[in-house]
Amino acid sequence: MALPIIVKWGGQEYSVTTLSEDDTVLDLKQFLKTLTGVLPERQKLLGLKVKGKPAENDVKLGALKLKPNTKIMMMGTREESLEDVLGPPPDNDDVVNDFDIEDEVVEVENTVKNLLKISRRVKEYKVEILNPPREGKKLLVLDVDYTLFDHRSCAETGVELMRPYLHEFLTSAYEDYDIVIWSATNMKWIEAKMKELGVSTNANYKITFMLDSAAMITVHTPRRGLIDVKPLGVIWGKFSEFYSKKNTIMFDDIGRNFLMNPQNGLKIRPFMKAHLNRDKDKELLKLTQYLKEIAKLDDFLDLNHKYWER
Numbered sequence: 007m008a009l010p011i012i013v014k015w016g017g018q019e020y021s022v023t024t025l026s027e028d029d030t031v032l033d034l035k036q037f038l039k040t041l042t043g044v045l046p047e048r049q050k051l052l053g054l055k056v057k058g059k060p061a062e063n064d065v066k067l068g069a070l071k072l073k074p075n076t077k078i079m080m081m082g083t084r085e086e087s088l089e090d091v092l093g094p095p096p097d098n099d100d101v102v103n104d105f106d107i108e109d110e111v112v113e114v115e116n117t118v119k120n121l122l123k124i125s126r127r128v129k130e131y132k133v134e135i136l137n138p139p140r141e142g143k144k145l146l147v148l149d150v151d152y153t154l155f156d157h158r159s160c161a162e163t164g165v166e167l168m169r170p171y172l173h174e175f176l177t178s179a180y181e182d183y184d185i186v187i188w189s190a191t192n193m194k195w196i197e198a199k200m201k202e203l204g205v206s207t208n209a210n211y212k213i214t215f216m217l218d219s220a221a222m223i224t225v226h227t228p229r230r231g232l233i234d235v236k237p238l239g240v241i242w243g244k245f246s247e248f249y250s251k252k253n254t255i256m257f258d259d260i261g262r263n264f265l266m267n268p269q270n271g272l273k274i275r276p277f278m279k280a281h282l283n284r285d286k287d288k289e290l291l292k293l294t295q296y297l298k299e300i301a302k303l304d305d306f307l308d309l310n311h312k313y314w315e316r
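Given below as structure tokens:
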């Protein structure tokens, strides 16, 4: 019996329709090699488990109890791409040349059209509350890719690509802040990453809720044209009794994501090339102390997070 599967890798979705329940995980990997060029031994298929453990190559697909058109996320890098990982950082507009948002703020932040878009998100976007907001806690909003996780490098497990001190950072932050995850991807992939990193199941802290790309809005800037941003007003509108400009801080490696709320954004250094930098990256360790210090304040309105290291 045919078992259609959809695999997401490199920002694209690949439809696998020629395999059956009698084929194995290795057969799936071999087929994905023909589609993506990623060798089977370099593939990590998230979510394929048997009795709670990652499925071995010889496990038949039928044993995985997959529903037709189940979506799976694949991690892995083509052999010819590995040299790029060892080379200099890419001249990527999302990472290196992220523009200085300050000149754009006045034109964008309070534009009526943008405020109406936020209002629609407040009314229409459905938030699944994982853990109730806590009275008296401030709010920490976190990006995922390049902030908590190197989503480009190749590894056997997602944990190998996790930013150093992530769990210690979240454990400390949870003492003073409700924690929200907001990634510019689909919720399915956010959930998969949080599970792979052990964030959603950690007993030392809890995630209040997660937002995906559907909660974002598109704004027009004079210099850059159309840009997708993460307006914190969506959260403030939905949870006005708990969160506001006064008690919210957002970490993202892309500054334009908080174009609507520059006062509340802290641009974190991107975590890339995990296998080279995991022993050197201390960003979350230092930010743990910063969050602890500012948690003592009644509000954040007088802070300039650009100078958080001073």
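Numbering (the working numbering), first residue to last: 7 to 316.
All C-beta atoms in this analysis are idealised placements derived from N, C-alpha and C, irrespective of residue type, glycine included.
Nearest neighbour of residue i, chosen from the options [CA to CA]
i: R284; options: N75, D305, S159 and G239; result: S159
i: N192; options: M7, E19, P10 and A8; result: E19
i: P139; options: V165, T177, I124 and Y183; result: Y183
i: R126; options: P228, G243 and K251; result: G243
i: D259; options: N270, L265, M266 and R275; result: R275
i: K57; options: P46, A69 and N63; result: A69
i: D304; options: D28, T40 and K143; result: K143
i: G318; options: N137, R262, Q36 and K35; result: The question about residue 318 has no answer, for the chain in this structure spans 7 to 316.
i: K55; options: E202, S246 and T207; result: E202
i: K119; options: L136, D29, E166 and T227; result: T227
i: P188; options: F215, E247 and T117; result: The amino acid at residue 188 is misidentified as Pro; the sequence shows Trp. Measuring from the Cα of W188, the nearest candidate turns out to be F215.
i: A190; options: N253, I11, G17 and T207; result: G17
i: E174; options: Y211, K71 and T207; result: Y211
i: A220; options: A209, V133 and A61; result: V133
i: Q295; options: M200, A198, L176 and F245; result: L176
i: L288; options: L145, T153, E62 and T117; result: Note that residue 288 is Lys in the sequence shown, not Leu. Cα-wise, what sits closest to K288 is T153.
i: F245; options: P60, K59 and E141; result: E141
Beta-carbon spacing of residue i, residue j below 8 Å
i: I255; j: Y249; result: no
i: Y131; j: L290; result: no
i: S21; j: A8; result: no
i: M266; j: D156; result: no
i: K123; j: I223; result: yes
i: I213; j: V225; result: no
i: R84; j: V31; result: no
i: V150; j: I185; result: no
i: I300; j: L309; result: yes
i: K302; j: S178; result: no
i: L272; j: W314; result: yes
i: K292; j: N270; result: no
i: E181; j: A280; result: no
i: F257; j: L148; result: yes
i: T40; j: W15; result: no
i: L67; j: L38; result: no
i: I11; j: L72; result: yes
i: N253; j: L145; result: yes
Beta strand (DSSP E) segment containing residue i, residue limits
i: I260; result: Per DSSP, I260 belongs to no beta strand (DSSP E) and is neither H nor E.
i: Y20; result: Q18 to V22
i: M79; result: T76 to M81
i: L146; result: K144 to L148
i: V186; result: Y183 to W188
i: V225; result: I223 to T227
i: T214; result: I213 to L217
i: K119; result: Note, K119: premise wrong, no beta strand (DSSP E); alpha helix (DSSP H) at V118 to E130.
i: L176; result: Segment L172 to Y180 is the alpha helix (DSSP H) holding L176; no beta strand (DSSP E) there.
i: L307; result: From DSSP, L307 is part of no beta strand (DSSP E); its letter is neither H nor E.
Residue i, enclosing alpha helix (DSSP H) - first and last residue
i: G4; result: In the structure as shown, the chain begins at 7 and stops at 316. Residue 4 is therefore absent and cannot be evaluated.
i: W195; result: M193 to E202
i: F155; result: From DSSP, F155 is part of no alpha helix (DSSP H); its letter is neither H nor E.
i: K35; result: V31 to T42
i: T294; result: E289 to I300
heavy atom of the ligand MG below 7 Å from residue i C-beta
i: R169; result: This structure does not include the ligand MG; it has no bound ligands of any sort.
Chain B within 8 Å of residue i, Cβ atoms only
i: M168; result: Protein chain content of the structure displayed is limited to a single chain, and chain B is not contained in it.
(message) Count Cβ pairs between the segment 74-82 and the segment 37-56 that sit closer than 8 Å; are there 3 or more?
(response) By the Cβ criterion, the segment 74-82 is in contact with the segment 37-56, since at least three pairs of Cβ atoms, one from each stretch, lie closer than 8 Å.
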